[in-house]
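Chains as they are written, first to last, in the UniProt record's numbering: chain V, 1 to 358; chain L, 1 to 358. Positions of the beta carbon are idealized from the N, C-alpha and C atoms, including for glycine.
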């Protein structure tokens, strides 16, 4: 005991380095605003905080929006990265749920602080990774324990980093809130993307018949062979498409496909809105929604208990894994953003932040 | 027995008159297209049909839309009236659920034929009262038993005629599908109308705190005194208004108020769309819906079993009654339409079709 007591401070100081490597975004703008820092200060965790060593950070189109300044309340400078996986290396004395050594993944913000939206009357909470709180484009992150969930077992850090806003938001929107029933017909737009590919996999594993909508005929084989979609529909260049009525539609694109997706939602059916948070406005025909008793369900997130519990169990049972397009070094984040802007990605790009998996 | 057998055909023939009085709409257009017929043929009920003697027919703004030709599939000529109450006077040999003498109210169409929408791949079903099937602006209606529900006990025909698209659609949208919880905060737009006043009453009786939104400061006292709204908000002339975030919002107006109502829906909250089926399109900000996990629930109807069961029980328990603005003779239907067009109505106008209650 006395040995441990003596040793403890030393271990803590070793676990909490003074500085680390982080990719700073000086201010919203082009990718040239990224600058690597090798001596970014690491904050020792206090109170409810944990310190997480980041192993992998996933990139989604929201990273591009964040970098471009879509959210006015972004910190300057900031460290982007709202979806990452790592290991708890130290914790404050009021930090619950996790032990040092636990593998965790980031939620988008501290869910004990706000739920289901990170915005409250006073504005955005101060724990939004990449926006109001430094995120996963760096080796260490200090944040409240409520900003993390236990990583699903048997997943690599690269995979765990890709689960939350893909499988997580779909699970919350389509399963928890939308109560998707086995045997239902489900249509998924943007089916080759990170969220869309998760939606196709979850619905298929749940025993649903799945129609996958993609903007690219070249990706039809991927959808059929790899994701096991029952049917594939290729949308026109303007995003519009035609499909029969489905019990549930999962809209992962937004503006361009919305009108077609609403028409593809059966009477009494549900349309789940997930994916990119943009400023897009779409035409909502009220009469159609009323006459057809359609429900529209927006979903941006998932409760951390739900992700680490029922969703992790479901994914393990059906051996579902996120689709990873490429793993790239942290210093290549700018190049990765350019790939995302060109929509040349099938699944998630993941940054290898600390050199190797956990 | 032999006496009954002998008498039965005679009773039936007496119960089914050859002709009756009906207000025909020659074709969609102005109120001058209404023409009273005194020798409209009464179809004897066959198979699954029942013959209902109409006592009261309620008018809503949809009557105006129907008359103006908002739905292209309207029959010419037609008899308007999709919400009426009456008594079963004869039935076909396959007609279930009702006995001669039962007090009934109309659903909008035969629910055994289609649900929850009366529109299917082949178009509108042929039992939509006022559109594809003659409705309640006449003394007798012949339609399948699935087009009717048992009238709630202890209600007059005038009251029963006003229940379905008001209390019914709100019950279906806010209670059955929206799972409204006691103690929630609820905001209702168009709160002085037939649907809105029902929503305020149902939510109050359920133990919710209710904010009523109206376009008219003159109606604020009615909302507070008569409907017991906790708070009243008067919207601007353009329909916009400001209100705090509510757990559930019930949008009974549509286009003009939609944007304000969406903003008044709390994160994780639900917006129930009920009321007029118009061709209005509104801007739906996708990012707002996603980031705030908002659900939008369209509701146009209610299952007949639900209306005659849980809703009727709830209304009886809390002594809830529809607000009736005026009872007018059938021949005054044109004048009633003009009142509706001028938005000079607080609750429903009801046509007294057969002279007296049931």
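- Runs of the alpha helix (DSSP H) lying entirely within the stretch 115 to 160 of chain V, each at least 4 residues long, are 157 to 160 in chain order.
- The beta carbon of residue 101 of chain L sits closer than 7 Å to the beta carbons of 87, 88 from its chain, once the five residues preceding and following it are set aside; these are given in chain order.
- Residue 318 of chain V sits exposed, since fewer than 16 C-beta atoms from the chains shown fall within 10 Å of its C-beta.
- The C-beta of residue 343 of chain L has fewer than 16 other C-beta atoms within 10 Å across all chains shown, which makes the residue exposed.
- Remark: three or more beta-carbon pairs, one from each stretch, lie closer than 8 Å, so the stretch 130 to 139 of chain L and the stretch 53 to 63 of chain L are flagged as touching.
- In this structure, DSSP gives residue 310 of chain L a helical state, which the three-state scheme calls helix.
- Under the DSSP assignment, residue 283 of chain L falls in the beta strand (DSSP E) whose first and last residues are 281 to 285.
- Secondary structure at residue 292 of chain V: coil, using DSSP grouped into helix, strand and coil.
- Of all residues in the stretch 117 to 135 of chain L, the ones placed with a Cβ closer than 9 Å to any Cβ belonging to chain V are 117, 118, 119, 120, 121, in chain order.
- With its beta carbon less than 8 Å from one in chain L, residue 291 of chain V belongs to the interface.
- In the three-state scheme derived from DSSP, where H, G and I count as helix and E and B as strand, residue 30 of chain V is classed as coil.
- With a beta-carbon spacing of about 18 Å, residue 329 of chain V and residue 347 of chain V fall beyond the 8 Å limit used to define contacts.
- Residue burial is scored here from C-beta neighbours: residue 45 of chain V has at least 16 other C-beta atoms within 10 angstroms and is therefore classed as buried.
- For the stretch 290 to 316 of chain V, the set of positions with a beta-carbon nearer than 9 Å to some beta-carbon of chain L reads 290, 291, 292, 293, 294, 295, 296, 297, 298, 299, 300, 301 in chain order.
- In this structure the stretch 214 to 221 of chain L does not touch the stretch 164 to 176 of chain L; the number of beta carbon pairs closer than 8 Å is below three.
- Scanning its chain for C-beta atoms nearer than 7 Å, with the 5 sequence neighbours on each side dropped, one finds around residue 120 of chain L the residues 114, in chain order.
- Residues 38, 39, 40, 41, 42 of the same chain have their beta carbon placed closer than 8 Å to that of residue 19 of chain L, with the five preceding and five following residues left out of the count.
- Around residue 305 of chain L, the same chain offers 149 as residues with beta carbons nearer than 8 Å, after the five sequence neighbours per side are excluded.
- Spanning the alpha carbons of residue 122 of chain L and residue 73 of chain L requires a straight line of approximately 12 Å.
- Taking 8 Å as the upper bound for CB-CB distance, residue 203 of chain L and residue 180 of chain L are in contact here, some 7 Å apart.
- In this model, residue 124 of chain V and residue 118 of chain V are separated by some 6 Å (Cα to Cα).
- Listed by position along chain V, the residues whose Cβ is nearer than 7 Å to that of residue 284 of chain L are 281, 282, 284.
- 70: these are the residues of the stretch 65 to 87 of chain L whose beta carbon lies less than 9 Å from some beta carbon of chain V, given in chain order.
- When DSSP reads this structure, residue 270 of chain L sits in a beta bridge with L:248, L:295.
- Not a single C-beta of chain V is nearer than 8 Å to the C-beta of residue 182 of chain L.
- Within the DSSP bridge table, the entry for residue 349 of chain L names L:59, L:326 as partners.
- Residue 66 of chain V sits buried, since 16 or more C-beta atoms from the chains shown fall within 10 Å of its C-beta.
- None of the residues of the stretch 43 to 66 of chain L has a beta carbon lying less than 8 Å from any beta carbon of chain V.
- For the 8 Å CB-CB criterion, residue 349 of chain V and residue 326 of chain V form a contact.
- By the 16-neighbour rule on beta-carbons within 10 angstroms, residue 69 of chain L is exposed.
- As a beta-bridge residue in DSSP terms, residue 209 of chain L pairs with L:185.
- In this structure, V:273 is the residue among V:36, V:286, V:273, V:235 with its C-alpha nearest to the C-alpha of residue 248 of chain V.
- Contact between residue 191 of chain L and residue 197 of chain L holds: their C-beta atoms lie close to 7 Å from each other, under 8 Å.
- Note that the C-beta distance between residue 293 of chain V and residue 298 of chain L is below 8 Å.
- When V:314, V:313, V:337 are compared, the shortest CA-CA separation from residue 62 of chain V is found for V:337.
- 258, 267, 268, 273, 274: these are the residues of the stretch 258 to 274 of chain V whose beta carbon lies less than 8 Å from some beta carbon of chain L, given in chain order.
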